[in-house]
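As they're listed, the protein sequences go chains A and B.
Heads up: the first sequence is residues 184 to 512, going by this note's numbering.
Heads up: the second sequence is residues 184 to 512, going by this note's numbering.
In this text, a Cβ means the ideal position worked out from N, Cα and C, and glycines have one as well.
There are 2 protein chains.
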Amino acid sequence: ELAALLEAVLMKAGLSEDHARAVGRVMVEGERDDCRSHGIYRLPWVIKSLAVGKVSPDAVPLLHENETVIVRADAGKGYSCLALEMALPVMERKARQFGLAALVINNCFHFSALWPEVEAFARRGLAAIAMNPSYISVAPAGGSKPLLGTNPFAFAWPRPGAHPYVFDFATSVVARGEIELHRLDEKPIPLGWAVDDHGKPTTDPGEALRGAMLTFGGHKGSAISTMVEILSGAMIGDLMSHEATAYDNGAGAVPLHGELLLVMSPELFSAEPLENRHSRAEDLFARITDQGARLPSERRFAAREESLKNGIPLLTAKLAELRELAGQG
Amino acid sequence: ELAALLEAVLMKAGLSEDHARAVGRVMVEGERDDCRSHGIYRLPWVIKSLAVGKVSPDAVPLLHENETVIVRADAGKGYSCLALEMALPVMERKARQFGLAALVINNCFHFSALWPEVEAFARRGLAAIAMNPSYISVAPAGGSKPLLGTNPFAFAWPRPGAHPYVFDFATSVVARGEIELHRLDEKPIPLGWAVDDHGKPTTDPGEALRGAMLTFGGHKGSAISTMVEILSGAMIGDLMSHEATAYDNGAGAVPLHGELLLVMSPELFSAEPLENRHSRAEDLFARITDQGARLPSERRFAAREESLKNGIPLLTAKLAELRELAGQG
């Protein structure tokens, strides 16, 4: 029901039916998993980006496939979600044939989390790594000015009969959305998340948003974030975070850049029977949880089970607002 | 001269000429770059592992190549260095043909850093990611018992006319070798590096080595470390850190496990001319250093320049010791 409503809202905002369905779906997945910062919280931004004329509302993604294991999808300045959906079956075929394949999405507006994407591959029995630049908001280790994006890095491993092992995190200490939520809630942020625009540590979310966030894990997180800029920016011939920021030029739209996914077919990485290797991976996960540690995404999967059983909790006011946006008010 | 001396020492210890040359070379590279913890500091351990009969001193690595982009090298329980050397030209060919290829090294004893390996690909104009498990010494985030290895993760990007962009770090807060050096120097370690065997934070390097180290960046580093166990352990049909530790069974030898390298040919990832993409990567590096931040490996490359100009500084006593070990005393 929420998916249909979001699709209606997005079509009303100008998106083609295919795009509206693909974009609506990832927002529903966010709400279903209680990932507020990647759910319908993003809707006003997605609509605004259409309104300012940045995003192509009906671009048809073009897939380029050749004899290499690199599949390129030109999103034609549309949202990324549809390009990924269209590339999924091609990537599955490539990965199963060659063991390993790369998906390059170019020229896309990107607002979504990466876990729905790597999870989609894991549900097909494939392992996947995904990364992309964003807007500048993070200083490199030892620096004081925003240059890197929050640059997410995600991974999924298929687990037979269980939710996949999935992580998806910003290479900043936290996602920029977390700081935005603190600002909306008028709550201070912990020290160590960010510096103000003079390079001084701050607990004020507004100052942090005007200054620079810090990378997780000091110079190591900074190195990974730089790798994300290089591989999913310069290498794939698409915009790095500082270039995406310059392209937006203050319009406040969703960022235009590319994305890189590496997809592996575990079957072909060893002559040992795949089920043995899965059993050994399961044994590792058991050893992690047996000592009281949690697997990443556990909270998200628990929220999903709850949503699938009892529906997605949504404020009545929010629902009414969506119905009005869809012209059903 | 040091390379020849190390080769003589290693052959005296029982290694075949090919293995002695390959192992000696990575130790010289460590000394040249002032990476003490991966230089001849490792020599006694490498010799001991031969003495206890764990390592095959003359295994000939077997390369398996097929129509996929996965190249498997069975090191036959020899040291990993020779297998990697032999696989380099095959991997270069695969990557240039398909854009992306994976090298799986199985069944190898592994003591070396990963930066010499990813750098070797970058010197050929290729980008590379490398990872491997090790021995258990790190607790997963939220846990208190060693289960993960220090699990290094490395990356190199080729820079025309300059040293490559390279990082290579342990997914623990520090490398285990750093804690060992603190113990040798009888210096306390900073709080936050490790817990003792009751799960309590400690500054005593000895207690830390008996307890568990912590991952860098909390749950994010822990997630990456677990990915390293899965991809370069279970997925490639080789030992994860806890299995490598069980295999050693207290013998104190170098760990037996596998390694995974992903090698990319940037040329094929975009239709945009490669030199443009390199220029934009260079522009990013300039923006990093212009704000006073450093690129990873800068210290190491500075030491290298110094060594190539003035030779590798080595204590006379150390040199005499090596000559004695080589039977030239």
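Minimum Cβ-Cβ distance from residue i to chain A less than 8 angstroms
i	result
B:L283	yes
B:T333	no
B:K328	yes
B:G308	no
B:M423	yes
B:L265	no
B:A476	yes
B:P227	no
B:I419	yes
B:E455	yes
B:P323	yes
B:A464	yes
B:P384	no
B:L451	yes
B:G360	no
Residue span of the beta strand (DSSP E) that contains residue i, given as start and end
i	result
A:E442	L439 to M447
B:W376	Neither: B:W376 is in no beta strand (DSSP E) and is coded neither H nor E.
B:M194	Taken as a continuous stretch (DSSP letters only), B:M194 belongs to no beta strand (DSSP E), being part of the alpha helix (DSSP H) at L185 to K195.
A:F452	Element bounds for A:F452: n/a, residue is neither H nor E.
B:D351	Y348 to F352
B:F336	F336 to W340
CB contact below 8 angstroms: residue i versus chain B
i	result
A:E412	yes
A:Y224	no
A:W403	Per the sequence shown, residue 403 of chain A should be read as Lys rather than Trp. Taking Cβ atoms only, chain B reaches closer than 8 angstroms to A:K403, which makes this a yes.
A:F350	yes
A:P343	no
A:T251	yes
A:V287	yes
A:F484	no
A:P299	no
A:I495	no
A:P347	no
A:L245	no
A:I471	yes
A:F304	no
A:A406	yes
A:R204	no
A:L467	yes
A:R506	no
A:G261	no
A:P438	no
Presumed contact (8 angstroms Cβ cut-off) between residue i and residue j, rounded CB distance
i	j	result
A:T333	A:A311	Contact doesn't hold; Cβ gap of about 20 angstroms is too wide.
A:G420	A:N315	So it is not a contact: roughly 14 angstroms between Cβ atoms.
B:S424	B:S317	6 angstroms
B:A313	B:L297	4 angstroms
A:A486	A:D216	5 angstroms
A:V437	A:H202	Going by Cβ atoms, the distance from A:V437 to A:H202 rounds to 13 angstroms, so no, they are not a contact pair.
A:P388	A:I372	5 angstroms
Where the alpha helix (DSSP H) through residue i begins and ends
i	result
B:F484	E481 to N493
B:D368	It is not in any alpha helix (DSSP H) - B:D368 carries neither H nor E in the DSSP assignment.
B:R219	Careful: B:R219 lies outside any alpha helix (DSSP H) and carries neither H nor E.
A:V411	G401 to E412
B:R393	P388 to R393
B:S424	S424 to D431
B:P227	L226 to A234
A:K145	As shown, chain A starts at 184 and ends at 512. That puts residue 145 of chain A outside it, with no answer to give.
A:D466	L457 to D473
Near the ligand SAH: residue i beta-carbon under 7 angstroms from a heavy atom
i	result
B:G236	Questions concerning the ligand SAH fall outside what the structure shown contains, since it holds no ligand whatsoever.
Cross-chain neighbours of residue i in chain E, by beta carbon under 7 angstroms
i	result
B:W340	Among the protein chains of the structure shown, namely A and B, there is no chain E.
inquiry  = Just to confirm the assignment: which complete beta strand (DSSP E) runs, minimum length 3, are found wholly within the segment 246-327 of chain A?
reply    = Listed in chain order, they are 253-257, 283-292 and 310-314.
key: the segment 353-363 of chain B touching the segment 220-237 of chain B, judged by at least three CB pairs closer than 8 angstroms   = yes
key: Cβ contact (3+ pairs, closer than 8 angstroms) linking the segment 494-508 of chain A and the segment 231-239 of chain B   = no
task = Check whether the segment 452-459 of chain B touches the segment 244-256 of chain B, taking contact to mean three or more Cβ pairs, one atom from each stretch, closer than 8 angstroms.
result = Output reads no: the segment 244-256 of chain B does not touch the segment 452-459 of chain B.
request  = Count the CB pairs spanning the segment 408-420 of chain A and the segment 373-382 of chain B that are closer than 8 angstroms, and state whether there are at least three.
outcome  = no
request  = Pair every Cβ in the segment 396-413 of chain B with every Cβ in the segment 393-403 of chain A, then say whether three or more of these pairs are closer than 8 angstroms.
outcome  = yes
query = Is there contact here, the segment 260-280 of chain B with the segment 300-307 of chain B, by at least three beta-carbon pairs under 8 angstroms?
reply = Judged by pairs of C-beta atoms under 8 angstroms, the segment 260-280 of chain B touches the segment 300-307 of chain B, as three or more such pairs exist.
inquiry  = With three or more C-beta pairs closer than 8 angstroms as the rule, is the segment 404-412 of chain A touching the segment 459-479 of chain B?
reply    = yes
message = Does the segment 428-446 of chain A come into contact with the segment 272-287 of chain A, if we say contact requires no fewer than three beta-carbon pairs (one atom in each stretch) closer than 8 angstroms?
response = yes
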